[in-house]
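Beneath this line is the structure, given in structure tokens, with notes to follow.
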Amino acid sequence: MTAEVVLNGESLTPADVVAVARNGATVTVADTARERIRESRERVESVLDSGEAVYGVTTGFGDLVDERIPREDLDALQRNLLRSHAAAVGRELTTEEVRAMMVTRANTLAKGYSGIRESVVNLLVAMLDAGVHPVVPSRGSLGASGDLAPLAHMSLVLIGEGEAEVEGDRLPGDEALDAVGLEPVTLRAKEGLALINGTQLTVGVAALLLDDAERLVTAADIAGALTTEVTLSSTVPSHEAITAVRPHAGQAASARNIRRLTADSDVVESHRNCDRVQDAYAIRCLPQVHGAVRDAVAHLREAVEVELNSATDNPLVFPREAERSESSNQASGSNRREAGREAGVVSVDDRASGSDSAGVLSGGNFHGAVLAMRLDYLTNALTELAAISERRTDRMLNPTLQEPHLPPFLTERSGVRSGYMIAQYTAAALLNECRSFGRPSMDNTPVSGNQEDHVSMSAQSAYLARKTARNAAAILGVELCCGAQAADFVDNDLELGVGSAEAYDAVRAVVPKLTADRPVHEDIEAAGALVESPAFTERVAVALDEELE
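Quick look at the structure:
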């Protein structure tokens with residue numbers, strides 16, 4: 001477990017998000033980031049002193065952009081923003097989802113373009129470390145202007161409103177803070193908007209999904225390797241020569257896994273020169289399909305790694321070019337660029353609104369399309385991972401497709417017994433659900449008086465991708481149950497490959513051999529949980545004495 005994650009706005013990784021959200025790692029803010037936060041707030045104060053109309057600082061929001069707000073009402077504007085935008089409904093986010101959203105929001109504030117005070121960031125980080133978890137309904141985000149409603153529910157607790165959980169107790173926001181010795185803040189100009197305008201729910205959930213999906217595709221390779229062996233299928237389709245002439249990274253990784261998992265297999269050697277020329281696609285094309293899923297996961301990872309360290313609110317507050325030049329001129333040579341980066345990273349010219357020292361730009365970095373489209377792509381890919389697994393399961397169960405050594409539905413006295421027949425029904429039902437999911441990124445409903453006329457629906461994309469991953473894990477669990485059961489009908493004198501044998505043992509540790517009909521939902525749930533657990537792939541890797549990809 002990572003003991004501490006340091007936020008600097010530049011280097012947060014998906015693994016860091018997992019460490020905080022799932023493993024309880026503590027969070028600190030780097031000194032360099034604190035300096036940028038303070039400088040950014042000074043720029044906002046200079047804008048207030050200038051009296052210029054600047055969106056979100058001295059004006060209303062959305063379609064109310066033309067409403068000028070008197071300075072004496074600016075604090076109330078930010079408080080009212082959180083209250084009015086806390087409009088989410090539906091199931092409440094899990095603790096890990098809330099923590100992921102909190103740490104990713106803190107990191108984007110640490111970049112120093114949001115104009116928030118250091119004290120507000122401090123409270124957000126302190127809530128994380130003290131286990132104060134806001135109660136956040138999940139439905140209400142359109143993924144532009146970011147994940148507004150869920151982030152508003154999260155942020156209410158910072159001002160002592162809303163609700164939060166502390167050590168299992170659900171408390172009003174002020175009582176939750178008091179329970180751990182914290183005090184609420186009074187928001188100043190721009191700060192409410194800085195807290196809620198961004199993609200942090202989407203990217204936080206996506207970071208957790210990456211952890212799940214990368215483990216899932218490795219577990220699928222393990223399940224597929226076991227099925228390959230117990231159906232007396234060939235491992236030749238994973239030969240490196242085949243991959244060498246079509247060198248997609250994902251295909252190569254899955255093919256390497258199959259070779260490792262089936263190494264030293266007596267079962268594979270026993271039929272190497274048999275009469276069967278080719279296997280069905282569900283087994284023969286495993287590297288190609290699993291590999292394509294790997295590539296889809298990698299495509300999402302690329303976007304998540306960038307998004308985690310991006311400024312995604314609106315408007316953004318920059319130093320003027322003259323201010324950055326002054327800071328940079330204090331250094332020389334190779335240090336000049338670094339000095340400029342520490343001073344503000346990016347500056348703007350005098351065409352931006354703001355003040356002599358601050359340039360305020362209004363844009364669309366809150367739009368979640370870059371995540372939504374890749375999340376929908378991953379939903380498609382994980383559905384295919386589930387689909388090919390279900391077809392492999394059918395080849396173990398189906399009396400018209402099975403190898404002669406396998407009894408119908410993998411049970412003795414079939415007819416009197418049904419064995420794992422209905423387990424495939426469950427896999428088929430879950431697969432149908434995955435296929436029925438919409439593609440949120442392709443939808444659009446204009447809001448805010450048509451000012452916000454194109455939205456991303458990225459949060460819905462993230463939720464459906466995670467649900468697809470859970471369904472796929474259960475479907476792979478069905479395959480593992482059947483693979484282990486089929487292995488018990490293979491010649492006892494033949495040893496499975498090193499990795500496949502360890503997978504069999506792992507399944508048998510939670511799912512006993514099916515010797516008579518029983519309710520198999522417990523088998524499916526136990527095997528599905530095994531697939532989702534890091535311990536499964538780690539156990540197999542230890543047996544192989546090498547990392548699986």
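Residue numbers 1 to 549, in my numbering, belong to the letters of the sequence shown in order. By construction, the Cβ of each residue, glycine as well, lies at the ideal position given by its N, Cα and C atoms.
Review point. Which term fits residue 416, buried or exposed, when burial requires 16 or more other beta carbons within 10 angstroms of its beta carbon?
Key: exposed
Exercise for review: Decide yes or no for the touch test of the stretch 187-205 against the stretch 145-160: beta carbon pairs closer than 8 Å, at least 3 of them.
Suggested key: yes
Review point. Would you report the Cα separation of residue 478 and residue 522, rounded to the nearest angstrom?
Key: 11 Å
Review point. Is DSSP giving residue 405 helix, strand or coil here?
Key: coil
Point to revise | Any alpha helix (DSSP H) of 4 or more consecutive residues that is wholly inside the stretch 106-153 | key: 118-130
Review point. Whose C-alpha, out of 548, 423, 549, 267, is nearest the C-alpha of residue 575?
Key: Look at the range of the chain in this structure, 1 to 549, and you will see that residue 575 is not part of it.
Exercise for review: Please list, in chain order, all residues of the same chain as residue 487 whose beta carbon is under 6 Å from its beta carbon, the five residues on each side excluded.
Suggested key: 230, 504
Exercise for review: Identify, in the order they occur along the chain, each residue of the same chain with its Cβ nearer than 8 Å to the Cβ of residue 507, setting aside the five sequence neighbours on each side.
Suggested key: 480, 481, 483, 484, 527, 530
Review point. Among 78, 369, 236, 29, which one has its Cα closest to the Cα of residue 105?
Key: 29
Point to revise | Between the CA atoms of residue 234 and residue 401 - distance to the nearest angstrom | key: 16 Å
**Study point:** residue 420 beta carbon less than 8 Å from that of residue 397
**Key:** yes
Check your understanding: Where in the stretch 441-489 do unbroken runs of the alpha helix (DSSP H), each at least 4 residues long, occur, reported from the N-terminal end onward?
Key -> 458-487
Exercise for review: For residue 330, count neighbouring C-beta atoms within 10 Å of its own C-beta (all shown protein chains included) and say buried if the count is 16 or more, exposed if not.
Suggested key: Unreliable placement is indicated for residue 330, whose pLDDT of 48 sits below 50; no coordinate value is reported for it.
Exercise for review: State the Cα-Cα distance for the pair residue 476 and residue 294, rounded to the nearest angstrom.
Suggested key: 16 Å
Review point. What number of angstroms, rounded off, separates the C-alpha of residue 450 from the C-alpha of residue 87?
Key: 19 Å
Exercise for review: Would you mind stating whether residue 184 and residue 160 have Cβ atoms separated by less than 8 Å?
Suggested key: yes
Practice item. Return the CA-CA distance between residue 517 and residue 135, expressed in angstroms with no decimal places. Key: 44 Å
Review point. Who pairs with residue 41 in a beta bridge, going by DSSP?
Key: Bridge partners of residue 41: none, in fact.
**Study point:** As assigned by DSSP and simplified to three states, the class of residue 567
**Key:** Because the chain is modelled from 1 through 549, residue 567 falls outside the range shown and cannot be assessed.
Practice item. To the nearest angstrom, report how far apart residue 410 and residue 512 are at their CA atoms. Key: 14 Å
Check your understanding: Considering only C-alpha positions, which residue in the set 270, 541, 281 is nearest to residue 490?
Key -> 270
Check your understanding: Are there 16 or more other CB atoms within 10 angstroms of the CB of residue 202, so buried, or fewer, so exposed?
Key -> buried
Practice item. Would you kindly report the start and end of the unbroken beta strand (DSSP E) that includes residue 542? Key: Unbroken run through residue 542 is the alpha helix (DSSP H), 534-544; no beta strand (DSSP E).
Point to revise | Reduced DSSP category for residue 352 - H, G, I as helix; E, B as strand; rest coil | key: coil
Review point. Whose CA, out of 374, 392, 221, lies closest to the CA of residue 439?
Key: 374
Review point. Per DSSP, residue 68 is paired with what?
Key: 59
Check your understanding: Roughly how many whole angstroms lie between the Cα atoms of residue 245 and residue 285?
Key -> 15 Å
Exercise for review: Check residue 344 in the structure and name its three-state DSSP category.
Suggested key: Low per-residue confidence applies at residue 344: pLDDT is 46, beneath 50, and the placement is therefore not dependable, though the value from the model is reported in the following sentence. Coil.
Practice item. Measure the CB-CB distance between residue 95 and residue 133 and report whether it falls below 8 Å. Key: yes
Check your understanding: Near residue 408, what residues of its chain come up, given a Cβ to Cβ distance below 6 Å and the 5 sequence neighbours on each side ignored?
Key -> 399, 414
Check your understanding: So what does residue 358 bridge to, in DSSP terms?
Key -> 319
Review point. Just to confirm, are residue 457 and residue 436 a CB contact at a threshold of 8 Å?
Key: no
Exercise for review: Take residue 321 and list the residues in its own chain whose beta-carbon comes closer than 6 Å to its own, dropping the five residues that flank it on each side.
Suggested key: 347, 349
Check your understanding: So, helix, strand or coil for residue 266, using DSSP?
Key -> helix
Point to revise | Segment contact flag, the stretch 164-184 with the stretch 383-394, C-beta cutoff 8 Å, min 3 pairs | key: no
**Study point:** Residues that residue 171 bridges to, as DSSP identifies them
**Key:** 164
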